[in-house]
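Only one structure is covered here, and it is reproduced in the block below.
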Amino acid sequence: MAAEADIYRHMRSKSPDPRRLSVSAVREHLRSNWIAGELHCFDALDSTNTTARELARAGAVDGTVVIAEKQRRGRGRLGRSWVSPAYKNLYVSVVLRTALYLESDLQISLMAGVATCETVREWHEATIKWPNDVLIGGRKVAGILAEMEGVGEDRFVVLGIGVNLNAEVGDYPEEVRDKAISLRMAVGEPVDRARVAGRLLTLLEQRYEQLLREGFEPIARAWRVDSGMIGRVIRVGEPGGEVSGEVIDVDADGALRLLLASGATYRVVAGDVTVVGGYERGAAAGAV
Ligand code: BTN
106 MAAEADIYRH MRSKSPDPRR LSVSAVREHL RSNWIAGELH CFDALDSTNT
156 TARELARAGA VDGTVVIAEK QRRGRGRLGR SWVSPAYKNL YVSVVLRTAL
206 YLESDLQISL MAGVATCETV REWHEATIKW PNDVLIGGRK VAGILAEMEG
256 VGEDRFVVLG IGVNLNAEVG DYPEEVRDKA ISLRMAVGEP VDRARVAGRL
306 LTLLEQRYEQ LLREGFEPIA RAWRVDSGMI GRVIRVGEPG GEVSGEVIDV
356 DADGALRLLL ASGATYRVVA GDVTVVGGYE RGAAAGAV
């Protein structure tokens, strides 16, 4: 299996590329109790989510983290791919086993969006687009892919997070250049990737523990503020066609509640959201 081959190649390699994020550099910035108790940093993987799932199936402990410098087949939501240039960004996956106590998978996706947005905000202002895209100036700086597997006690979630950190415009194919942004492009100088990784995993543990302890409402409160989507008009691509309406709220399970022109309400549980009039408030015409 490709992921297994990557793991063995990694174990045999004696001289890691000096550009690779090291376990000790990430740990310097980590203030977590159990997330990243097991932390693996690779040069190249097909996808950190694939390798994290392999490790979880083989019994990896709760909170195991996989980081890669490059992904050959990085995956995004809705079957898309995730552009993953080498040694520039952060591609990280976390195995969460206690997720089996949660009521809804969407809750964990929104929780991860809040933690990622909070991390990015330590460097630059950012917002969340439902469910969990993190945007700067209407362009995507981070994306999250939550994948569930197994049943009962064996169930686990792999939370995969990609953050564009030091990539430059030329690192992205033409078709995504006007949609993607890195923190480096936003702040005008390179960022310390180990520090971002450490802060992200620390904030993720805090928000996840809050979700388990206090339920979804505190996460929903943070999400409402971070997203600025309440009251905006959006379009959503759904299997049955496009739906458009005003965002009223985020529900107790993480779904987006819309008010349609007919006066009916509508729940969005999946799909691609476009904010009509552009994502930023008061922005010129356009849509993100
Ligand atoms: C999206 O916005 O479409 C989700 C993108 C998720 C990308 C990350 S990068 C680390 C992890 N490994 C993957 O293959 N995907 C996620």
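In the working numbering, the protein residues as written are 106 to 393.
Just so it is clear, CB atoms sit at the ideal spot from N, CA and C, and this is done for glycine as well.
Query, Result
"Using the Cα positions of residue 312 and residue 207, report the straight-line distance between them to the nearest angstrom.", "14 Å"
"Terminal residues of the continuous beta strand (DSSP E) containing residue 244?", "244-254"
"Name, in chain order, the residues that DSSP records as bridge partners for residue 232.", "240"
"Whose C-beta lies closer than 7 Å to the C-beta of residue 209 among residues of the same chain, with five residues either side of it excluded?", "358 and 359"
"Can you list, in chain order, the residues of its chain with a C-beta nearer than 8 Å to that of residue 282? Leave out the 5 residues immediately preceding and following it.", "274"
"For residue 193, tell me which candidate among 249, 277 and 231 has the shortest Cα-Cα distance.", "277"
"Classify residue 382 as helix, strand or coil using the three-state DSSP reduction.", "coil"
"Return the CA-CA distance between residue 138 and residue 163, expressed in angstroms with no decimal places.", "22 Å"
"How many Å lie between residue 143 and residue 175 at the Cα?", "20 Å"
"Let me check understanding here. Comparing Cα to Cα, which of 140, 177, 181 and 123 lies closest to residue 165?", "140"
"Go through its chain and collect everything with a Cβ distance to residue 248's Cβ below 8 Å, but skip five positions before and after it.", "181, 182, 187, 237, 238, 239, 266 and 267"
"Helix, strand or coil for residue 169, going by three-state DSSP, please let me know.", "coil"
"Straight-line CA distance for residue 361 to residue 132?", "36 Å"
"Given 7 Å as the limit, tell me if residue 315 has its C-beta closer than that to any heavy atom belonging to the ligand BTN.", "no"
"In the DSSP output, what is residue 321 paired with across the bridge?", "Bridge partners of residue 321: none, in fact."
"For residue 390, count neighbouring Cβ atoms within 10 angstroms of its own Cβ and tell me buried if that reaches 16, exposed if not.", "Residue placement at residue 390 is poorly supported in this model, since its pLDDT is 33, which falls under 50; the coordinates still yield a value, given next. Its Cβ having fewer than 16 others within 10 Å, residue 390 is exposed."
"Which term fits residue 198, buried or exposed, when burial requires 16 or more other beta carbons within 10 angstroms of its beta carbon?", "buried"
"Which residue comes first and which comes last in the beta strand (DSSP E) that contains residue 425?", "Outside the modelled stretch of the chain, which goes from 106 to 393, sits residue 425, for which no answer is possible."
"Compute the Euclidean distance between the alpha carbons of residue 376 and residue 233, then round it to the nearest angstrom.", "15 Å"
"For residue 191, collect the residues of the same chain with a Cβ closer than 6 Å to its Cβ; drop the 5 residues on either side in sequence, then sort them by chain order.", "174 and 175"
"Run the proximity test for residue 238: is its beta-carbon closer than 7 Å to any non-hydrogen atom belonging to the ligand BTN?", "yes"
"Quick one: is residue 318 buried, meaning 16 or more other Cβ sit within 10 Å of its Cβ, or exposed?", "exposed"
"If we ignore side chains and look at the alpha-carbon of each, how far apart do residue 371 and residue 348 end up?", "9 Å"
"On the DSSP bridge assignment, give the partners of residue 351 in chain order.", "338 and 364"
"Helix or strand or just coil, what does DSSP make of residue 259?", "helix"
"Is residue 198 near the ligand BTN, in the sense that its beta carbon is under 7 Å from a heavy atom of that ligand?", "yes"
"Using only the heavy atoms of the ligand BTN, determine whether one of them is closer than 7 Å to the beta carbon of residue 177.", "no"
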